[in-house]
Amino acid sequence: MLVLPEAITHTSAVACLASLSRTLDNEPGAELVLDAGDLSRFDSAALAVLLEVRRNVLKMGKKLVVKNAPQRLQDLAALYGIAELLPSAA
């Protein structure tokens with residue numbers, strides 16, 4: 000399981016994506032879980048990061064699941080019409 004940082008904003012998105020991308024290959028199993036429980040400061044750039052991680056995970060033949068997504072992140076994904084692309088787990 001990968002853990003998202005406390006903040007993903009426009010200024011930190013590129014570095015966050017690079018960090019996550021370096022570790023994707025190390026995650027075993029057919030499902031990659033991202034724990035968003037610590038994520039408290041974010042903007043729409045967080046969605047861009049999650050979508051790019053999803054693209055990379057799908058290329059690996061795996062499924063992405065976002066765990067402990069803050070309600071505000073879920074609402075933002077719904078607003079942009081991409082909630083179904085970022086499946087959540089409790």
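Under numbering that gives the first Met the number 0, the residue at position 90 of the sequence shown is numbered 89, and the numbers go up by one with no gaps.
Built from N, CA and C at the ideal position, the CB exists for glycine as well.
Q: Report the three-state DSSP secondary structure of residue 30 (helix, strand or coil).
A: On the sequence shown, position 31 is the one that residue 30 refers to. Residue 30 falls in the strand class under three-state DSSP.
(Q) Using CA atoms only, rank isn't needed, just tell me which of 39, 87 and 55 is closest to residue 8. (A) Taking the sequence shown and counting its residues from 1, the one referred to as residue 8 is at position 9. Nearest option by C-alpha distance: 39.
Q | Sub-7 Å separation of residue 15 and residue 48 beta-carbons | A | Start at 1 with the first residue of the sequence shown, and residue 15 comes out as number 16. Start at 1 with the first residue of the sequence shown, and residue 48 comes out as number 49. Yes, Cβ-Cβ distance for residue 15 and residue 48 is below 7 Å.
Q. For the putative contact between residue 3 and residue 35, defined by C-beta atoms under 8 Å, what is the C-beta separation to the nearest angstrom?
A. By 1-based counting over the sequence shown, the position of residue 3 is 4. By 1-based counting over the sequence shown, the position of residue 35 is 36. The Cβ separation is near 5 Å, so the contact holds.
Q) Cβ atoms of residue 0 and residue 52: under 7 Å apart, would you say? A) The residue given as residue 52 occupies position 53 in the sequence shown. The residue given as residue 0 occupies position 1 in the sequence shown. No, the Cβ-Cβ distance between residue 52 and residue 0 is not below 7 Å.
Q | Burial state of residue 13 (16 or more Cβ within 10 Å) | A | For the purposes of this step, residue 13 is taken as the residue at position 14 of the sequence shown. Residue 13 should be labelled exposed.
(Q) Please report the straight-line C-alpha distance between residue 22 and residue 61, rounded to a whole angstrom. (A) Counting from one through the sequence shown, the residue named residue 22 turns up at place 23. Counting from one through the sequence shown, the residue named residue 61 turns up at place 62. One C-alpha to the other measures close to 14 Å.
Q) How many angstroms separate the CA atom of residue 77 from the CA atom of residue 67? A) As a working note, residue 77 is residue 78 in the sequence shown. As a working note, residue 67 is residue 68 in the sequence shown. If you take the alpha carbons of residue 77 and residue 67, they lie about 16 Å apart.
Q: Assign residue 1 to one of three DSSP states: helix, strand, or coil.
A: For the purposes of this step, residue 1 is taken as residue 2 along the sequence shown, with counting starting at 1. Strand, per DSSP.
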